[in-house]
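Below is one structure, written out as structure tokens; comments come after it.
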Amino acid sequence: MRNRLFLWVPLALFAFFAGLAGYMLTQEKSQFVESTMIGEPLPDFALKPAFEGLPGAAKADFVGTKPRLLNIWASWCLPCIAEAPQLEALQAQGVEIIGIAIRDRPADVANFLTRYGNPYSRVGADDISEVQLAIGSSGVPETFVIDAAGVIRYQHIGDIREDDVALLLAELEKAR
Amino acid sequence: MIAEIGLAALWLAAALAVLQMVSGAFALKAAEGEVNPLAIYARPAAVVQAFLAVLAFALLLWAFAITDLSIKLVASNSHSMKPLVYKLTGTWGNHEGSMLLWVGVLAASGGLLAAFERRLPERTMGATLAVQGFVALGFYAFLLLSSNPFERLPVPAMEGTGLNPLLQDIGLAIHPPTLYAGYVGLSVAFSLAMGALLTNQVNPAFARVLRPWVLGAWVLLTFGIAAGSYWAYYELGWGGWWFWDPVENASLMPWLAATALMHSVSVLAARDALRTWTIMLGVLAFSMSMLGTFLVRSGVLTSVHAFAVDPERGAFILVLLLLYIGGAFTIFALRAGAVAEGKRFSFSSREGALVFNNVMLSAILAIVLLGTLYPLVTEAFDVRVSVGPPYFNPASAIFAVPMFLVMAVGPLLRWKEDKPARIQFEMLMLAAVLIAVIAVTAMVGDYPFLPLLGLGLAAALALASFLPLRGRKLARVPLATWGMVLAHFGVAVSLFGMACEGAFSQERLAAVAPGGTEQVGDFSFTLQSVTPVAGPNWTALEARIAVSRDGGEPVILVPQARNFWSPQQSTSESALLTRWDGQLYAVLGNQAADGRWQIRMWWKPFVTFIWYGALLISLGGILAIVGRVRVDVKRRHASEVGEERRADLAALGAAAPVPAE
């Protein structure tokens with residue numbers, strides 16, 4: 037006689053899967069990949085200016101006396117248009133924002149900033165996503181809070197909505 | 002009216018599924034050899050239901066063809082300016098439409114089974130149709146209650162939002178329908194397995210009924226997966242042909258189960274062994290299809306195949322899974338013990354080899370399943386991981402390598418019992434080929450181990466696949482055996498392509514100014530120009546790249562970076578130069594600030610053999626189906642002639658001699 041218990045194995049495996057899947061379905065799903073660089077210092081980099089109007093960006097620009105925002109964006113990115121007013125609002129509150137333009141062209145960058153406003157103190161050109169990947173950003177736009185010592189403290193994935201402004205201000209305060 | 006008729010057809014089909022289920026169940030109440038009067042409705046219900054479901058799909062197709070923008074699905078997935086062929090293929094390029102296609106194929110296969118299959122006892126057939134109706138009912142409910150493809154907009158849209166540009170490709174016309182037909186063809190195997198289990202009819206006659214369905218579904222799956230792989234290869238522009246993405250795995254798992262099932266069905270048909278195992282695989286194969294549907298549609302896993310993800314739909318499908326898979330495995334656990342043990346065989350026999358490879362296939366299936374679900378498990382503990390080739394390749398190779406070895410010698414063994422010493426010469430010859438190929442390649446260059454092993458195995462397997470023909474009159478070899486030879490040879494060809502791609506591919510990423518020349522492999526390529534071009538619903542930058550091999554006559558390649566304007570999205574259209582010994586693969590990237598263009602070139606030796614092999618495998622499957630069905634028809638004809646003769650003799654009176662059987 038064969039071992040009958042063996043016949044229950046497929047059902048048991050399936051029950052395990054169903055329980056797991058059922059549990060996961062009830063969980064809030066975040067589609068974002070968080071950077072593992074949070075709490076780490078910025079990697080060394082020095083990017084050339086993304087257009088003629090402003091200087092480029094380097095790691096040294098983040099080291100000083102106050103926390104700053106590092107904004108990953110591009111002129112070809114539609115959500116970046118949506119977040120432009122919020123960046124201006126942050127700038128109006130006295131926040132220094134350093135931009136990194138991903139795979140962009142000087143003319144397009146200049147165009148974008150004339151049309152949608154320029155909240156940046158500097159914009160570096162990252163033509164091959166080198167800095168973007170090094171700081172653990174997987175998409176455009178993303179915004180990082182960098183403290184005065186140049187350490188990455190907070191990551192905001194996606195465009196900055198109106199209610200995110202206060203959140204980012206609070207994170208900047210925390211990083212002080 | 003189109004939408005309303007389509008919706009009505011679906012509701013009617015659902016009602017008929019209930020009838021089919023109930024009537025089929027009544028067949029179980031009849032005594033052996035008798036027919037319950039209430040059981041006669043199951044077959045016609047299945048046939049009419051098939052007609053209605055196919056009609057519903059045809060109507061949706063029509064709505065897409067004329068771009069009926071009052072239907073929500075059309076408005077959100079089509080566009081009046083799209084070429085007609087992509088309007089049509091757009092019907093199944095979305096969640097609702099593809100589920101309707103799924104249900105249409107499900108009903109059509111149930112209808113075919115009900116209309117033409119007369120060999121099984123009516124009780125078994127009734128139980129089978131009841132299960133098929135039950136499965137169909139769940140998917141009708143899913144469509145009608147949570148994914149109605151015929152939903153109207155309160156106000157017709159002015160213009161549609163268009164189809165994802167990646168899907169505006171002829172690949173979409175081929176890949177999903179064949180894959181779905183394959184997935185769903187396995188539903189018949191599932192229903193037959195349940196029917197046979199419920200009525201205790203797991204025997205060779207049942208296996209012969211099951212076999213063409215499994216073979217057919219398996220051929221379609223093989224072809225569908227290969228088409229999808231080639232589509233991803235040239236459309237995504239990443240240069241790879243398999244990414245171990247959850248959705249790819251979702252199609253691979255039913256294929257692995259179906260491959261195992263196909264072989265075990267053959268053993269059951271020929272030798273009356275492996276009864277319980279065949280039933281288990283029959284349940285498993287369709288379970289894997291449904292599991293794949295769940296993983297893809299519920300959004301519990303992140304994948305490049307982003308269907309409209311909706312947790313509520315996910316919950317609905319999970320309930321269906323609980324009903325069908327849970328129910329089937331419960332019945333299996335309760336009843337399989339009652340299935341009498343089949344014929345015994347020794348380990349060194351053809352059955353033994355088939356069982357071994359069945360276990361290997363199941364192990365690979367478990368590896369793939371584990372890798373696919375692992376992120377789900379860790380995510381439950383808030384750890385995000387992504388499982389990729391570094392896990393899948395070596396882990397599946399652990400079981401694939403012994404499988405290929407046994408696959409080479411298995412067909413040479415005799416049924417029931419054989420001495421390995423009898424095929425000593427063949428085994429030594431294959432081992433010699435294997436070792437020689439690996440040794441020679443390893444001496445030529447420094448290649449990774451797995452592709453090297455793959456090359457050796459491919460060579461040995463290619464030779465081994467023809468050995469079963471040795472010493473036989475080729476004209477008298479049954480068609481099904483030719484099918485096996487061809488399919489096994491196809492596996493060798495595919496494996497050769499994969500190993501070559503893995504070992505010998507060369508890649509070059511260069512920033513090239515117009516007029517500049519670069520080198521990859523034997524090819525030198527010159528960027529002549531980059532110019533804007535326009536298509537029906539896109540604009541693009543098109544590079545003209547002159548490619549010349551070893552200084553020979555140049556050929557022009559034109560990769561594009563396309564921008565679609567409805568919806569807005571950019572895609573990269575790779576350009577391929579196919580030679581008998583491989584493909585040159587060109588992708589146009591962005592322009593750098595200094596005016597140079599990023600160009601990515603691959604030379605992939607023999608990469609096309611991956612898909613040629615898959616075609617051979619499918620063709621082998623088709624030969625096997627034709628061969629089997631022809632034998633069945635002949636046999637049926639012969640038995641009819643015999644019966645007529647007996648009837649004639651009986652009519653001549655009792656004086657006539659009783660014909661010998």
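Those protein sequence lines, which keep their order, are chains C and L. Okay, so the first sequence: first residue is 37 according to this note's numbering, each after it adds one. Okay, so the second sequence: first residue is 2 according to this note's numbering, each after it adds one. Idealized CB from N, CA, C, for every residue including glycine.
| query | result |
| --- | --- |
| With burial defined as no fewer than 16 other Cβ atoms inside 10 Å of the residue's Cβ, what is the status of threonine 373 of chain L: buried or exposed? | buried |
| Could you give the distance in angstroms between the alpha-carbon of leucine 29 of chain L and the alpha-carbon of methionine 428 of chain L? | 50 angstroms |
| Starting from the beta carbon of leucine 374 of chain L, find every residue of chain C whose beta carbon is closer than 8 angstroms, and list them in chain order. | Phe53 and Leu56 |
| Glycine 590 of chain L lies in the beta strand (DSSP E); which residues open and close that run? | 583-592 |
| Here's the rule I'm using: 16 or more other beta-carbon atoms within 10 Å means buried, otherwise exposed. How should tryptophan 242 of chain L be labelled? | buried |
| Closer than 8 angstroms by beta-carbon distance: list the chain L residues that pair up with arginine 139 of chain C, in chain order. | Asn591 |
| Between the alpha carbons of threonine 572 of chain L and isoleucine 117 of chain C, how many angstroms are there, rounded? | 22 angstroms |
| What residue ranges within the stretch 416-471 of chain L form continuous beta strand (DSSP E) runs of no fewer than 3 residues, ordered along the chain? | none |
| Going along chain L in order, which residues have a C-beta closer than 8 angstroms to the C-beta of aspartate 144 of chain C? | Ordered by position in chain L, no residue passes the 8 angstroms Cβ test against aspartate 144 of chain C, which lies about 11 angstroms from the chain. |
| Out of curiosity, what's the CA-to-CA distance linking valine 492 of chain L and alanine 337 of chain L? | 33 angstroms |
| What residues from the stretch 87-118 of chain C come within 7 angstroms of chain L, judged by C-beta to C-beta, listed N to C? | none |
| Give every residue of the same chain whose Cβ lies closer than 7 angstroms to the Cβ of asparagine 591 of chain L, excluding the five residues on either side of it in the sequence, and list them in chain order. | Gln599 |
| Which chain C residues sit within Cβ distance under 8 angstroms of methionine 281 of chain L? | Pro46 |
| Any chance the stretch 644-655 of chain L sits against the stretch 478-496 of chain L, with 3 or more Cβ pairs inside 8 angstroms? | no |
| Quick one: residues in its chain with C-beta nearer than 6 angstroms to the C-beta of arginine 189 of chain C, no 5 flanking neighbours on either side, listed in chain order? | Val181, Asp183 and Ala211 |
| Given that threonine 331 of chain L touches chain C, what residues does it touch there, using C-beta distances under 7 angstroms? | Leu47 |
| Where does the unbroken alpha helix (DSSP H) through leucine 324 of chain L begin, and where does it stop? | Element bounds for leucine 324 of chain L: n/a, residue is neither H nor E. |
| If the cut is a Cβ gap below 9 angstroms, which residues of chain L does arginine 40 of chain C touch? | Ala334, Ala337 and Gly338 |
| Name, going along the chain, the residues of the stretch 162-175 of chain C whose beta-carbon falls closer than 9 angstroms to a beta-carbon of chain L. | Asp163 and Ile164 |
| Return the first residue and the last residue of the beta strand (DSSP E) that glutamate 88 of chain C is part of. | Where glutamate 88 of chain C is concerned, there is no enclosing beta strand (DSSP E), given that its DSSP letter is neither H nor E. |
| Under 7 angstroms between C-beta atoms, does valine 668 of chain L make it to chain C? | In this structure chain L extends from 2 to 662, so residue 668 of chain L is not present and cannot be described. |
| Provide the residue(s) that pair with tyrosine 87 of chain L in DSSP beta bridges, ordered along the chain. | None, per the DSSP bridge assignment. |
| Please classify proline 155 of chain C: does DSSP put it in a helix, a strand, or coil? | coil |
| Glycine 229 of chain L and histidine 176 of chain L: beta carbons closer than 7 angstroms? | yes |
| At which residues does the alpha helix (DSSP H) containing serine 549 of chain L begin and terminate? | Element bounds for serine 549 of chain L: not the alpha helix (DSSP H) but the beta strand (DSSP E), 539-550. |
| In terms of residue numbering, what span does the beta strand (DSSP E) encompassing valine 521 of chain L cover? | 518-521 |
| Can you name the residues of chain L whose CB is closer than 9 angstroms to the CB of leucine 149 of chain C? | Those do not exist, as leucine 149 of chain C stays about 16 angstroms from chain L at its closest Cβ, beyond 9 angstroms. |
| Sort C/Leu43, C/Lys102 and C/Leu204 by Cα distance to leucine 126 of chain C and report the nearest one. | C/Leu204 |
| Excluding the 5 residues flanking phenylalanine 287 of chain L on each side, which residues of the same chain have their C-beta closer than 6 angstroms to its C-beta? | Leu187, Ser188 and Phe191 |
| Roughly how many angstroms separate the alpha carbons of leucine 173 of chain L and glycine 183 of chain L, rounded to a whole number? | 16 angstroms |
| So which of L/Tyr87, L/Leu130 and L/Met82 has the shortest CA-CA distance to tyrosine 42 of chain L? | L/Leu130 |
| Secondary structure at glutamate 178 of chain C, three-state DSSP: helix, strand or coil? | strand |
| Does any C-beta atom of chain L lie closer than 7 angstroms to the C-beta of threonine 60 of chain C? | Position check: residue 60 of chain C holds methionine in this sequence, whereas threonine was assumed. Output row for methionine 60 of chain C: interface = yes. |
| Consult DSSP for leucine 257 of chain L and reduce its assignment to one of helix, strand or coil. | helix |
| In whole angstroms, give me the CA-to-CA distance for methionine 2 of chain L and valine 55 of chain L. | 17 angstroms |
| Short check: CB of alanine 270 of chain L to CB of arginine 212 of chain L, under 7 angstroms? | yes |
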